[in-house]
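Going letter by letter, the sequence shown gives residues 1 to 288 in full-length UniProt numbering. Where is the CB? At the ideal position from N, CA and C, for every residue including glycine. Treat the numbers as computed from the prediction; the structure is a model and nothing was measured. Notes to accompany the following structure.
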Amino acid sequence: MKTDYDEKHEYKPDDGGLLDRLFNLTGRHLGKGAFASVEEAVDIRTGEKIALKRVQPRTRKTTAMFWNEVTALRAISHPFVVSLKEIYPDHQYASADGDVIMCHVLSLELCHNGDLFRLISETGHLEEAFCRRLAGQLFSGLLAIHRAGMCHRDIKLENLLLDEFFNLKIADFGNAQPFDPKTHKSECYTEAGTAHFLAPEIVFRNRYVPYDGTKADVWNAGVVCFILLLGFAPFDMARPDDWYFDKLRRGRREDFWSAHLHHAAAGQGQGQPAGTSGARGGGGGGGA
């Protein structure tokens, strides 16, 4: 059965030149990873600038990550989550060397002002008022993701984009995992994410005991907010033998940021033992 999404966004079969007839690449490269690249393009049909993400399905994992992203973006429509326009699986194109390469392609909303990693690299840190605005948008987007029955599992600066008005857009759902929001449980078993941002229950996880992916997302978001405000990560990894993590956990946060941010950090910075509920909030179905 087709969903509302499918009625508006049909999968597009490739005939060897479909994308060339639909899009003109501008030459602006927006990002590149081991198995994926993102380029700016113009949709010939509408004149709109969009982002084309190409994923090379070299392994089962990269193929799974592509379809994870498709599943997540199909389920979520929110002002602070990047929007999916069209899907082009099994597309063939010629590389600069003349090789024919098979890839999966997503047509995505273009975010003109890059990601938060680049912004922090250029500015050092952000003013508190701007941080509060971005934090509000981040948590609003996360709540929508969790209410849609998804946990992101890789919230970090590089995956948070800025549109032309410097509104935040959550992107890159390759590590996303679905759950039933009616159960208020997002049980995850596999490690996903980046070292600076990993929640303690992931660092010390028992592979047979699940952790709550929504609460891990909230931890990640708290680390992002710390970096935006101060310009550096709070610790190398969230574990007791990390000197910075131990000092942050035990220290006087009010000495270096305002009272309302101190209270917010106190809630987000609570370790969450796997298989338990606790102080740190989740967003699955309105509360996990």
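- Cβ contact annotation for Met-65 (same chain, cutoff 6 Å, sequence separation greater than five): Gly-174, in chain order.
- Arg-58: not part of any beta strand (DSSP E); DSSP gives it neither H nor E.
- Ranked by how close their Cα comes to the Cα of Ala-195, the residues Asp-172, Leu-157, Val-209 and Phe-179 have Leu-157 in first place.
- Within the segment 167–200, the runs of beta strand (DSSP E) at least 3 residues long that lie entirely inside it are, in chain order, 168–170.
- Per the DSSP secondary-structure output, Gln-92 pairs in a beta bridge with Met-102.
- For Gly-213, the enclosing alpha helix (DSSP H) starts and ends at 213–230.
- The beta carbons of Val-105 and Leu-52 sit closer together than 8 Å.
- Counting only the Cα atoms, Glu-127 lies some 30 Å from Glu-39.
- Here Leu-168 is actually not in contact with Leu-142; their C-beta atoms are around 11 Å apart, not less than 8 Å.
- Taking every protein chain shown into account, the CB of Phe-226 has 16 or more other CB atoms within 10 angstroms, so this residue is buried.
- For Arg-153 and Lys-61, the gap between their C-alpha atoms comes out near 15 Å.
- Here Ser-121 is exposed. Its C-beta has fewer than 16 other C-beta atoms within 10 Å.
- Rounded to the nearest whole angstrom, the CA to CA distance from Lys-49 to Leu-22 is 12 Å.
- Within the DSSP bridge table, the entry for Met-150 names Pro-178 as partners.
- For Arg-28, the enclosing beta strand (DSSP E) starts and ends at 23–32.
- Proximity to Phe-80 across Gly-136, Arg-54 and Gln-56 peaks at Gly-136, based on C-alpha coordinates.
- Here the alpha carbon of Asp-180 sits roughly 16 Å from the alpha carbon of Arg-74.
- The beta carbon of His-112 lies closer than 7 Å to those of Asp-163 and Glu-164 in the same chain, with the five residues before and after it left out.
- Comparing alpha carbon positions, the residue from Pro-178, Arg-132 and Phe-166 closest to Met-150 is Pro-178.
- Secondary structure of Val-203 (DSSP, three-state): helix.
- Around the C-beta of Gly-47, fewer than 16 other C-beta atoms lie within 10 Å, and the residue is accordingly described as exposed.
- Between Ala-148 and Leu-161, the C-beta gap is not smaller than 8 Å, which leaves the two residues out of contact.
- Distance between Ile-101 and Gly-33, taken at the CA atoms: about 16 Å.
- A residue is called buried once 16 or more other Cβ atoms fall within 10 Å of its Cβ, and Ile-145 is buried on that count.
- Under the DSSP assignment, Ser-121 falls outside any beta strand (DSSP E), being part of the alpha helix (DSSP H) whose first and last residues are 116–123.
- Close CB contacts of His-91 within its chain, under the 8 Å cut and outside five residues either way in sequence, are with Asp-14, Leu-18, Leu-19, Arg-54, Met-102, Cys-103, His-104 and Val-105 (chain order).
- Per DSSP, reduced to three states, the secondary structure at Val-209 is coil, with no helix or strand assignment.
- Relative to Glu-109, the option among Leu-138, Arg-132, Asp-43 and Leu-198 whose CA is nearest is Asp-43.
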